[in-house]
Amino acid sequence: MIRVLDIAILGLLMERDHHGYEVRAQLRDRLGLWANVSFGSIYPALARLERTALVEAVAGVETRFGSLSTGSLAGERAALRSLRTSPALGRKGRKVYRITQKGREEFAQLLEDPATLDDARSFSLRMALARYLSPRARVGLLELRRSNLGQRLYEVRQQAANQQLDNYARSVMNHGAQAVELEIAWIDDLLIFERNNQPAIAREAN
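Letter by letter, the sequence shown follows residues 1 to 206 of our numbering.
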């Protein structure tokens, strides 16, 4: 979870600087991930990235506490701690984060590292940030996901064939198989697109 959140935050900062409140909104509205992610998770992650010199604090903008209201007491306390302890800002400023060169290098490594590709959410995040991957890495990511889904489809079909299942349980298994088949078809379309637009990769794949 920590590594995936780090990838998401660094990916957002690759485009422009953000303060913690914006990071939370972008995780939900742009990347479509972690709809319920709290400031209690985001601010410690940002602090950790800052300690390791992957991000740095830059000049902030004035704000009011009311604009930081999250509906969560823990979230508001985390936001206040960020404001109070920021060395780069006065009392009225939000702490704004910028990715460093070291952070850019770390982001590129994490994004291409198959060891952190451990679930559907991680894959979806990488696809949302796929423009930062090399063409070869994009194809590799899709092929790896397709292989994993192929294995998953086989397992679900085996379960659906279990004679001990009643009709309701079997229908659930068949529904799961259909969902996997749909994702495989989507990935196949993406692979065709990538290979058609990358002739060199298409030649290597054949």
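Ideal placement from N, C-alpha and C gives every residue a C-beta, glycine not left out.
Own chain, CB closer than 6 Å to L190, minus 5 neighbours either side, in chain order:
Translated into positions along the sequence shown, residue 190 becomes position 190. Within the same chain, L190 has close Cβ partners L142.
Starting from the Cα of R30, find the closest Cα among G11, R104, T100 and give me that residue.
Numbered from its first residue, the sequence shown carries residue 30 at position 30. Of the listed residues, the one whose Cα sits closest to R30 is G11.
Determine the contact status of M173 and A185, defining contact as a CB-CB distance below 7 Å.
Translated into positions along the sequence shown, residue 173 becomes position 173. Translated into positions along the sequence shown, residue 185 becomes position 185. Cβ atoms of M173 and A185: not closer than 7 Å.
To the nearest angstrom, report how far apart L5 and Y97 are at their CA atoms.
As a working mapping, residue 5 is identified with position 5 in the sequence shown. As a working mapping, residue 97 is identified with position 97 in the sequence shown. Counting only the Cα atoms, Y97 lies some 15 Å from L5.
For the structure I just gave you, are there three or more beta carbon pairs, one from the region 141-157 and one from the region 121-131, closer than 8 Å?
Enough Cβ pairs lie closer than 8 Å, so yes.
If the criterion is Cβ atoms closer than 7 Å, does the pair V55 and G103 meet it?
Within the sequence shown, the letter at position 55 stands for residue 55. Within the sequence shown, the letter at position 103 stands for residue 103. Closer than 7 Å, so yes.
With respect to the beta strand (DSSP E) encompassing Y97, which residues constitute its N-terminal and C-terminal limits?
As a working note, residue 97 is residue 97 in the sequence shown. Membership of Y97 in the beta strand (DSSP E) is indicated by the continuous run 96-99.
Reduced DSSP category for V55 - H, G, I as helix; E, B as strand; rest coil
Taking the sequence shown and counting its residues from 1, the one referred to as residue 55 is at position 55. The answer is strand: DSSP assigns V55 an E or B state.
I'd like the list of long-range same chain contacts for R152, defined as Cβ closer than 8 Å, with 5 residues on each side in sequence excluded.
In the sequence shown, counting from the first residue as 1, residue 152 sits at position 152. Taken in chain order, the residues that qualify are V180.
Taking only the alpha-carbon atoms, compute the straight-line gap between R136 and G176 and give it to the nearest angstrom.
Along the sequence shown, read from residue 1 onward, the residue named residue 136 stands at position 136. Along the sequence shown, read from residue 1 onward, the residue named residue 176 stands at position 176. Rounded to the nearest angstrom, the two C-alpha atoms are 30 Å apart.
Buried versus exposed, by CB contacts within 10 Å (16 or more), Y43
Locating residue 43 in the sequence shown gives position 43, counting from the first residue. Answer is buried; the Cβ neighbour count reaches 16.
Short of 6 Å in beta carbon distance, which residues of its chain neighbour E106, apart from the five on each side in sequence? Order them along the chain.
The residue given as residue 106 occupies position 106 in the sequence shown. Excluding residues within five positions, the ones whose Cβ falls inside 6 Å are L54.
To the nearest angstrom, how far is the alpha carbon of Q101 from that of S134?
Looking up residue 101 in the sequence shown gives position 101. Looking up residue 134 in the sequence shown gives position 134. Looking at the two C-alpha atoms, the distance is approximately 18 Å.
Hey, out of R195, S147, G40, whose CA is closest to I183's CA?
On the sequence shown, residue 183 is found 183 positions in, with the first residue counted as 1. Before going on, a small fix: residue 183 reads as Glu here, not Ile. Per the Cα distances, S147.
Going by C-alpha distance, which of S38, M14, S122 is nearest A25?
Here residue 25 is taken as the residue at index 25 of the sequence shown, counted from 1. Sorting S38, M14, S122 by C-alpha distance to the C-alpha of A25 places S38 at the top.
Do you know offhand how far A45's Cα is from A57's?
On the sequence shown, residue 45 is found 45 positions in, with the first residue counted as 1. On the sequence shown, residue 57 is found 57 positions in, with the first residue counted as 1. Rounded to whole angstroms, A45 and A57 show a C-alpha spacing of 14 Å.
Quick check on this structure: which residue in I99, D119, A130, A120 has the alpha carbon closest to the alpha carbon of E112?
By one-based count along the sequence shown, residue 112 stands at place 112. Sorting I99, D119, A130, A120 by C-alpha distance to the C-alpha of E112 places A130 at the top.
Can you list, in chain order, the residues of its chain with a C-beta nearer than 6 Å to that of F193? Leave out the 5 residues immediately preceding and following it.
Stepping through the sequence shown from its first residue, residue 193 is reached at position 193. In its chain, beyond the 5 residues on either side, no residue has a beta carbon closer than 6 Å to the beta carbon of F193.
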